[in-house]
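In what follows, a single structure is set out as structure tokens and then discussed.
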Amino acid sequence: MPRTRPRARRLGGALTACAALGAILLAPGAARAAVGQPVPAGQYAFTARLVIGDEPHSRACSGVLVDPRWVLTAKSCFAANPAQSIDIPTGAPAARTTVTVGKTDLNASGGHTANIVELVPRADRDLVMARLDRPATGIAPVKPSGQAPTAGEELTVAGFGRTKTTWVPDRLHSAVFTVGATTATEFEIAATSPADASVCQGDTGGPALRTENGVPTLVAVTSRSWQGGCFGSTATRTGAFESRTDGLAAWVTATTNRAVHLAPGQRLLPGQMLASHHVKFVMQTDGNLVAYHNAGGGALWASGTYGNPGAYAVMQHDGNLVVYGKDGSPSTGGGLWSTRTHGNEGAFAALQSDGNLVVYSRPATGGAGSALWHSDTWMRDNKVAAGKRLMPGAWAQSARAVLLMDALGRLSLRDRTTGKELWTVGGHHPGAYALMQTDGNFVLYAKDGGPTQGGALWNTGTFSAGSHLLLQDDANLVLYGPDGKALWATHTSL
């Protein structure tokens, strides 16, 4: 199990020195944990444990899931020498970092484990967004609170760090702390229940929570502490400092909506993926590069290179995105599929927040690159007007559901939260598409079919010119006539 060995001893010295000087600002460390009560299974499942680096010099932190693909934690966890500076660059972490989330007992089954592949720090406080290489689906993230902390209020602090008696605990613990002095970016906390609770090594980045309308919300993450009462510490002073997250919902959202890049020379190996807020591109072990919506369902797009175990994708320096066989390479050949965008040195691939994978040319100085190729898997409007088509790879969503037109000709409706399939038609007709005809009939056509060619696979049987299809926020897919009356529906309201 990872231990915070050499670094923990150095940071302990820095904290002791600060305490002796009576300093208000403590040296941030890569490990602190709340000494309180073990958390029952299933509670605060959004709390994460991070292990940074490899044995024997690994160190541990806590964090909190704010999106299926992103954990919010303290940027001091990733700093090379946090006693001098906690600033870190945007990009991949300097050391291999794994995250476990979704379980309160690290020895129990279940939960989700992933690698951290991108860091987006905040400049004004000890916070960083850390992107997972695989989304943590099925685990409800926590949302940042919109209310500022006030002196005297009680918050619950949770973390996977040390306790009074355990060096490397395997359980999530929590305790109640009272808010003290507050600034625009941080605040102090002191133990309330239990009264001897502290914040120890292993809990930097752990959440400080407030219950609002019966739901936990994120007020802050742990930044640094005095570690009084913690295992291996001789300090007597307790309490800690928290980096505020209230009011940062817009920053969190903007970060989770960032495009995910595949830079020149970067590869997607078997089992790896690019995952955006809605869509993921998976380099499957059968050799096929496939796009799926995060709610599940059939493939939205595929390279068609299945049957080649060990195949991988690479964004070449010449601007071409290529899937190679196991033994292929840019120098030896063996390409199975490509975007045919060679001749554009420095081009890169970006999986956008709308679900579209785009190869862009290298941006000119002070400008933006141009699109050279795209997967056509971007999100469409939830209203399908007369004459509009849903082509393979198209999808639309509402507050509760997502409508998918997959590459095999299946039109399906799924619950956005659970992924449960609510309704479906078609299938086994690659290239099939759906058309909201001008005569009011919504029709699923075979690839080469159409109103004049025939090839209808399914239809709503509605004929009222000027009708439109609407995916409602209640998850019901309804066809409305020009007078606003419902003519057909899936009856899938949630």
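Our numbering puts the first residue of the sequence shown at 5, with every later residue one more than the last.
We put the beta carbon where it would ideally sit given N, CA and C, even for glycine.
It should be emphasised that the depicted structure is a prediction, and the values quoted were computed from it without experimental measurement.
Item                                                                                                                                                                     : Value
Could you pull out every unbroken beta strand (DSSP E) segment of at least 3 residues lying fully inside the segment 326-369, listed in chain order?                     : 337-342, 352-355, 361-364
Under 8 Å, do ALA351 and LEU376 count as touching if we go by C-beta distance?                                                                                           : yes
Is the beta carbon of LEU1 less than 8 Å from the beta carbon of ALA140?                                                                                                 : Since the first residue of the chain shown is 5 and the last is 498, residue 1 is not available in this structure.
So VAL43 and GLY67 are in contact, right, with Cβ under 8 Å, and what is the actual spacing, rounded?                                                                    : Not a contact, Cβ separation roughly 15 Å.
Compare the Cα-Cα distances from PRO173 to each of HIS297, VAL180, GLY163, ALA179 and report the closest residue.                                                        : GLY163
Can you give me the start and stop residues for the beta strand (DSSP E) that TRP427 sits inside?                                                                        : 425-430
Taking the alpha-carbon positions, what's the LEU136 to ALA224 distance?                                                                                                 : 21 Å
Within 8 Å, do at least three Cβ pairs link the segment 437-452 to the segment 463-474?                                                                                  : yes
Expressed to the nearest angstrom, what Euclidean distance is found between the alpha-carbon atoms of GLN270 and ALA84?                                                  : 25 Å
With DSSP as the reference, label ALA140 as helix, strand or coil.                                                                                                       : coil
Using the beta-carbon count (16 or more within 10 Å), is GLU246 buried or exposed?                                                                                       : buried
Check for me: the alpha helix (DSSP H) holding VAL256 runs from which residue to which?                                                                                  : 253-260
Does the beta-carbon of ILE28 have 16 or more other beta-carbons within 10 angstroms, so that it is buried, or is it exposed?                                            : Annotation note: pLDDT 30 at ILE28 (below 50); position unreliable, coordinate value reported separately. So ILE28 ends up on the exposed side.
Whole angstroms are fine: how far does the CA of LEU222 sit from the CA of LEU213?                                                                                       : 5 Å
Using 8 Å as the threshold, is the C-beta distance between HIS1 and ALA450 below it?                                                                                     : Nothing about residue 1 can be read from this structure; the chain reaches only from 5 to 498.
Are the segment 68-83 and the segment 204-220 in contact at 8 Å, needing three or more beta carbon pairs?                                                                : yes
Tell me the DSSP secondary structure of HIS61 in three-state form.                                                                                                       : coil
I'd like the ranges of any beta strand (DSSP E) spanning at least 3 consecutive residues and lying wholly in the segment 130-209.                                        : 132-136, 158-163, 177-186, 190-197, 203-205
Under three-state DSSP, which class holds LYS284?                                                                                                                        : strand
Mapping the DSSP letters down to three states, classify PHE446 as helix, strand or coil.                                                                                 : strand
If you draw a straight line from the C-alpha of LYS424 to the C-alpha of ARG418, how long is it?                                                                         : 5 Å
According to DSSP, is PHE50 helix, strand or coil?                                                                                                                       : coil
Which first and last residues belong to the beta strand (DSSP E) in which ASP419 is found?                                                                               : 414-419
If you drop the 5 nearest sequence neighbours on each side, which residues of the same chain put their C-beta closer than 8 Å to that of GLY26?                          : Note that GLY26 scores a pLDDT of 28, beneath 50, so its modelled location is shaky; the value from the coordinates is reported in the next line. Here the set comprises nothing.
Spatial neighbours of ILE143 within its chain, please: CB distance less than 7 Å, with the 5 preceding and 5 following residues excluded, ordered by chain position.     : ALA49, PHE50, LEU69, VAL105, GLY106, HIS116
Figure out for me which residue from SER365, GLY339, ASN360 has the closest Cα to the Cα of ASN348.                                                                      : SER365
Helix, strand or coil, according to DSSP, for LEU79 in the structure here?                                                                                               : Contrary to the premise, residue 79 reads as Lys rather than Leu in this sequence. The answer is helix: DSSP assigns LYS79 an H, G or I state.
The beta strand (DSSP E) spanning TRP462 covers which residue range?                                                                                                     : 458-463
Just to confirm, is the Cβ distance from SER471 to PRO486 under 8 Å?                                                                                                     : yes
Evaluate THR187 with the Cβ neighbour count: other Cβ atoms within 10 Å of its Cβ, from every protein chain shown; 16 or more gives buried, anything less gives exposed. : exposed
Looking at GLY308: is its Cβ nearer than 8 Å to the Cβ of LEU412?                                                                                                        : no
When the distance is taken between beta carbons, is GLU192 closer than 8 Å to ARG129?                                                                                    : no
Taking C-beta to C-beta, are LEU408 and LEU304 nearer than 8 Å?                                                                                                          : yes
According to DSSP, simplified to helix, strand and coil, what is LEU475?                                                                                                 : strand
Could you give the DSSP three-state label for SER229: helix, strand or coil?                                                                                             : strand
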